[in-house]
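Okay, structure first, notes after.
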Amino acid sequence: MGEEEGDEGDPRSRTGKSGAPEWLTIFQKDLMAGAVMGGVVHTIVAPIERAKLLLQTQESNLAIVAGGRRRFKGMCDCIVRTVREEGLLSLWRGNGSSVLRYYPSVALNFSLKDLYKNMLRSGNCQAGHFISGMPANFVAGAGAGCTALIIIYPLDIAHTRLAADVGNTNARQFRGIYHFLSTILKKDGIKGVYRGLPASIHGMIVHRGLYFGGFDSIKETLSKESQPELALWKRWVAAQAVTTSAGLLSYPLDTVRRRMMMQSGLEQPMYRNTMDCWRKIYRTEGVASFYRGTVSNMFRSTGAAAILVLYDEVKKIMNWSGF
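Take 74 as the starting number for the sequence shown in my numbering and just add one per residue.
Laid out in structure tokens, this is it:
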């Protein structure tokens, strides 16, 4: 009897109305909910994202270093100069690759996070689950982030390189996503489009673990049995706090991964590997350089916080409409 009840409680053993396993139905809903909002939110914060990337990579950006361009002093200086020199629409440069990257990235991150969490909490060990509570949230978040990163990494590096490409149309190094990927593949092979992956995985473990794990843990802690649905404003506050904290703690790792991405296609790379990048930035630029663009990232985190909150709302709408 107890064994039958355990099977009924396992989402992997239940089936939905369509006959598909319930965990697969939930996964499909999570995938759609993540895809619905990813591109829209990211397009809104694209100008701040480009300013952040330019500030992070300017010391390893040949168009700035070799071109003798004056360094950007901060977010406002970066945005104003970019508009003046390249036009207003240049603030969205690289947004096409970013949206292409973001739709699968957000969809996979959210759907895999929930899938991994359900799998961890519905294991077959004696306690009834492999990992529960906060550790499950952090492991599921980090695992989802790393899985999605490996799948969409070529689009991620394309977005970074296109956003960091300064100058007018004739002076730019790459004309678009296809031109970047084909150029790097011819020059460096598959290794070129995955340059910086180890540094990216390190950063993803920290950032996605805190971003998803922290938000889900706070939601579960604040929710009471008598009021399982946490108020929207409380979720927003939790999302903003978690997003800002995750961004600050993982920012040096993000800076290193962006610098490593800038090495693809170079005849003489500035950094031999991830550790060499850490060492050279620290010795030649100082600790402050690891946090260059942090203010832009904090403004940009509002969009990431909105995604956390809107994800739950989109899922509710989908459930009400019978998706």
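For every residue, glycine included, the Cβ atom is placed at its ideal position computed from N, Cα and C.
With the cut-off set at 9 Å, would you say Arg144 and Ile137 are in Cβ contact?
Along the sequence shown, read from residue 1 onward, the residue named residue 144 stands at position 71. Along the sequence shown, read from residue 1 onward, the residue named residue 137 stands at position 64. Closer than 9 Å, so yes.
Rounded to the nearest angstrom, what separates Val118 and Met333 at their Cα positions?
By one-based count along the sequence shown, residue 118 stands at place 45. By one-based count along the sequence shown, residue 333 stands at place 260. Distance between the alpha carbons of Val118 and Met333 is about 24 Å.
For Leu235 versus Ser178, is the C-beta distance shorter than 9 Å?
Sequence index remark: in the sequence shown, residue 235 carries index 162 (1-based). Sequence index remark: in the sequence shown, residue 178 carries index 105 (1-based). No. Outside cutoff.
List the endpoints of the continuous alpha helix (DSSP H) containing Tyr267.
The sequence position of residue 267 within the sequence shown is 194, counting from 1. From DSSP, Tyr267 is part of no alpha helix (DSSP H); its letter is neither H nor E.
If you count every other CB in all the chains shown that lies within 10 Å of the CB of Thr378, and 16 or more means buried, which is it?
Translated into the one-based positions of the sequence shown, residue 378 becomes position 305. Before going further, note that residue 378 is Ala rather than Thr in the sequence given. Result: buried.
In or out: Cys149 buried (at least 16 other Cβ within 10 Å) or exposed?
On the sequence shown, position 76 is the one that residue 149 refers to. Flag for Cys149 reads exposed.
Less than 9 Å between the C-beta atoms of Val114 and Leu283, yes or no?
Residue 114 sits at position 41 when you count from the first residue of the sequence shown. Residue 283 sits at position 210 when you count from the first residue of the sequence shown. Cβ atoms of Val114 and Leu283: not closer than 9 Å.
Ordered along the chain, which non-local residues of its own chain (more than five positions away) have a Cβ less than 6 Å from that of Ser146?
As a first step, residue 146 is located in the sequence shown; it is residue number 73 there, counting from the start. Reading off the sequence, residue 146 comes out as Lys, not Ser. Around Lys146: no qualifying Cβ.
Rounded to a whole number of angstroms, what is the C-alpha to C-alpha distance between Ala213 and Arg142?
Taking the sequence shown and counting its residues from 1, the one referred to as residue 213 is at position 140. Taking the sequence shown and counting its residues from 1, the one referred to as residue 142 is at position 69. Whole-angstrom Cα-Cα distance: 43 Å.
To the nearest angstrom, how far is it from the Cα of Ile250 to the Cα of Ala231?
Start at 1 with the first residue of the sequence shown, and residue 250 comes out as number 177. Start at 1 with the first residue of the sequence shown, and residue 231 comes out as number 158. Roughly 6 Å between the two C-alpha positions.
Taking the alpha carbon of Leu381 as the point to measure from, which residue in Ser184, Thr130, Arg154 has its own alpha carbon closest?
Counting from 1 along the sequence shown, the entry for residue 381 is found at position 308. Measuring from the Cα of Leu381, the nearest candidate turns out to be Ser184.
Return the residue from the list Thr116, Leu254, Ile223 that minimises the CA-CA distance to Asn182.
In the sequence shown, residue 182 corresponds to position 109, counting from 1. It is Ile223 whose Cα lies nearest to the Cα of Asn182.
What are the boundary residues of the alpha helix (DSSP H) that includes Leu173?
Reading the sequence shown from its first residue, position 100 is the one you call residue 173. That run of the alpha helix (DSSP H) goes 168–194.
To the nearest angstrom, report how far apart Gly262 and Trp306 are at their CA atoms.
One-based indexing of the sequence shown puts residue 262 at position 189. One-based indexing of the sequence shown puts residue 306 at position 233. Answer to the nearest angstrom: the Cα atoms are 48 Å apart.
What does a CB cutoff of less than 6 Å around Gly201 pick up in its chain, not counting 5 residues either side in sequence?
Indexing the sequence shown from 1 puts residue 201 at position 128. Because the pLDDT at Gly201 is just 47, under 50, the model does not fix this residue reliably, and the value given afterwards should be weighed accordingly. Excluding positions up to five away in sequence, the list is empty.
Taking just the CA atoms, how far does Leu295 sit from Asn210?
Here the question's residue 210 lines up with position 137 in the sequence shown. Here the question's residue 295 lines up with position 222 in the sequence shown. Roughly 15 Å separates the two Cα atoms.
Spatial neighbours of Glu159 within its chain, please: C-beta separation below 6 Å, excluding the five flanking residues on both sides.
Looking up residue 159 in the sequence shown gives position 86. Around Glu159: no qualifying Cβ.
So, is Tyr226 buried or exposed, given that buried needs 16 or more other C-beta atoms within 10 angstroms?
Sequence index remark: in the sequence shown, residue 226 carries index 153 (1-based). Label assigned to Tyr226: buried.
Excluding the 5 residues preceding and the 5 following Asp327 in the sequence, name in chain order all residues of the same chain whose CB lies nearer than 7 Å to its CB.
Position 254 of the sequence shown, counted from the start, is the residue given in the question as residue 327. Closer than 7 Å at Cβ, skipping near neighbours: Gly276.
Taking the alpha helix (DSSP H) that Met325 falls in, what are its first and last residues?
The sequence position of residue 325 within the sequence shown is 252, counting from 1. The displayed chain sequence assigns Pro, not Met, to residue 325. It spans 305–334 - the alpha helix (DSSP H) in which Pro325 sits, taken as one unbroken run.
Ala215 by DSSP, collapsed to three states: which one?
Here the question's residue 215 lines up with position 142 in the sequence shown. Of the three classes helix, strand and coil, the one that applies to Ala215 here is helix, per DSSP.
For Thr34, which residues from the same chain have a beta carbon less than 6 Å from its beta carbon, with the 5 sequence-adjacent residues on both sides left out?
Here the chain has residues from 74 to 396 only, and residue 34 is not among them.
Would DSSP call Ile152 helix, strand or coil?
Position 79 of the sequence shown, counted from the start, is the residue given in the question as residue 152. Ile152 falls in the helix class under three-state DSSP.
How far does the alpha helix (DSSP H) with Ser255 in it extend, from its first residue to its last?
Taking the first residue of the sequence shown as position 1, residue 255 is located at position 182. 250–261 is the span of the alpha helix (DSSP H), which, as asked, contains Ser255.
Kindly list the residues whose CB is nearer than 6 Å to the CB of Arg281, restricted to its own chain and excluding five residues on each side of it in sequence; keep chain order.
The residue labelled residue 281 in the question sits at position 208 within the sequence shown. For Arg281, where only same-chain residues beyond five positions count, the Cβ hits under 6 Å are Gly214, Ala215, Gly218.
Compare the Cα-Cα distances from Asp289 to each of Met207, Phe247, Arg365, Arg245 and report the closest residue.
Residue numbering aside, residue 289 sits at position 216 when the sequence shown is read from its first letter. Nearest C-alpha to Asp289: Met207.
For Ala221, I'd like the list of residues in its chain whose CB is within less than 7 Å of its CB, leaving aside the five on either flank, ordered along the chain.
Position 148 of the sequence shown holds residue 221. Hits under 7 Å: Ser178, Leu181, Asn182, Leu185.
Helix, strand or coil for Met343 per DSSP?
Within the sequence shown, numbered from 1, the residue matching residue 343 stands at position 270. Met343: coil per DSSP, three-state reduction.
Let me know if Glu340 comes out buried or exposed under the rule of 16 or more other beta-carbons within 10 Å of its beta-carbon.
Position 267 of the sequence shown, counting from 1, holds the residue named residue 340. Exposed: under 16 other Cβ atoms inside 10 Å.
Tell me which residues share the same chain as Thr347 and place their Cβ nearer than 6 Å to its Cβ, disregarding the 5 neighbours each side in the sequence.
Here residue 347 is taken as the residue at index 274 of the sequence shown, counted from 1. Hits under 6 Å: Pro271, Ala272.
When you compare only the Cα positions, how much space is there between Lys259 and Gly376?
Position 186 of the sequence shown, counted from the first residue, corresponds to residue 259. Position 303 of the sequence shown, counted from the first residue, corresponds to residue 376. Roughly 36 Å between the two C-alpha positions.
Alpha carbon to alpha carbon, how far is Ser369 from Ser331? Give it in angstroms, no decimals.
Within the sequence shown, the letter at position 258 stands for residue 331. Within the sequence shown, the letter at position 296 stands for residue 369. According to the sequence as given, residue 331 is Arg; it is not Ser. The straight-line gap from Cα to Cα measures roughly 15 Å.
Kindly indicate the opening and closing residues of the alpha helix (DSSP H) around Arg123.
Against the sequence shown, residue 123 aligns to sequence position 50. Here the alpha helix (DSSP H) through Arg123 covers 119–130.
Pick helix, strand or coil for Ala400, following the three-state DSSP scheme.
Since the first and last residues shown for the chain are 74 and 396, residue 400 lies out of range.
Among the residues of its own chain, which have a CB less than 6 Å from the CB of Gln246, if the five just before and after it don't count?
Within the sequence shown, residue 246 is the residue found at index 173, counting from 1. Closer than 6 Å at the Cβ level, and outside the excluded window around Gln246, lie Asp238.
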